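Residue numbers (our numbering): 1 to 158.
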């Protein structure tokens, strides 16, 4: 049985990933920034919950110990490129078989947005470590419509 590490495990994409992996009989280690009701819910489902900081290599090494495959999702904030380098190094040391990286649709080498450029650079880092990596360049999450639901109902969002 494979052990999967899921970062951002209490988030919008991480939590469903944990649930899906557990439902399919996999072992899951959920990396969270802090223990709270969301991490407790993952623990109740059967995930191993560990706290850590993606910008601290020792923290990531501890979370990565014994992991076969990993899902990497970093929040839209500063530090994405550094966190990716740390994550890739720890995954390489553990001989992780595969990584799934939550990137973004606009990821490209000539991006004007610092966040978009960070995603593109992160993809390059992961590719250069030689671990098979799937880059998810999500176009649109249906849940985003909920943010504009009131405007849509009022006919103001076209």
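Note that beta-carbon positions come from the ideal geometry of N, C-alpha and C, so glycine has one too. Since we're looking at a predicted model, the values are computed, not measured.
Residue i, buried or exposed, once every other Cβ within 10 Å from all chains shown has been counted against 16
i, result
"residue 104", "buried"
"residue 95", "exposed"
"residue 99", "buried"
"residue 134", "exposed"
"residue 107", "buried"
"residue 92", "exposed"
"residue 39", "buried"
"residue 8", "buried"
Own chain, CB closer than 7 Å to residue i, minus 5 neighbours either side, in chain order
i, result
"residue 63", "5, 29, 31, 50 and 52"
Close-in-space but distant-in-sequence residues of the same chain around residue i (CB under 6 Å, 5 per side omitted)
i, result
"residue 22", "28, 45 and 46"
"residue 84", "122 and 125"
"residue 117", "111"
"residue 132", "98"
"residue 1", "27"
Strand pairing of residue i, partner residues [DSSP]
i, result
"residue 27", "3"
"residue 99", "70 and 133"
"residue 32", "51"
Residues near residue i by beta carbon distance below 8 Å, same chain, minus five either side
i, result
"residue 115", "76, 80 and 104"
Three-state class that DSSP yields for residue i in the structure shown
i, result
"residue 199", "Residue 199 lies beyond the range of the chain shown here (1 to 158); nothing can be said about it."
"residue 151", "helix"
"residue 70", "strand"
"residue 81", "helix"
"residue 51", "strand"
"residue 89", "helix"
"residue 60", "helix"
"residue 18", "helix"
"residue 13", "coil"
8 Å contact criterion, which residue i and residue j should meet: CB distance rounded
i, j, result
"residue 102", "residue 136", "5 Å"
"residue 65", "residue 97", "That belief does not hold up - the Cβ atoms of residue 65 and residue 97 are roughly 15 Å apart, past 8 Å."
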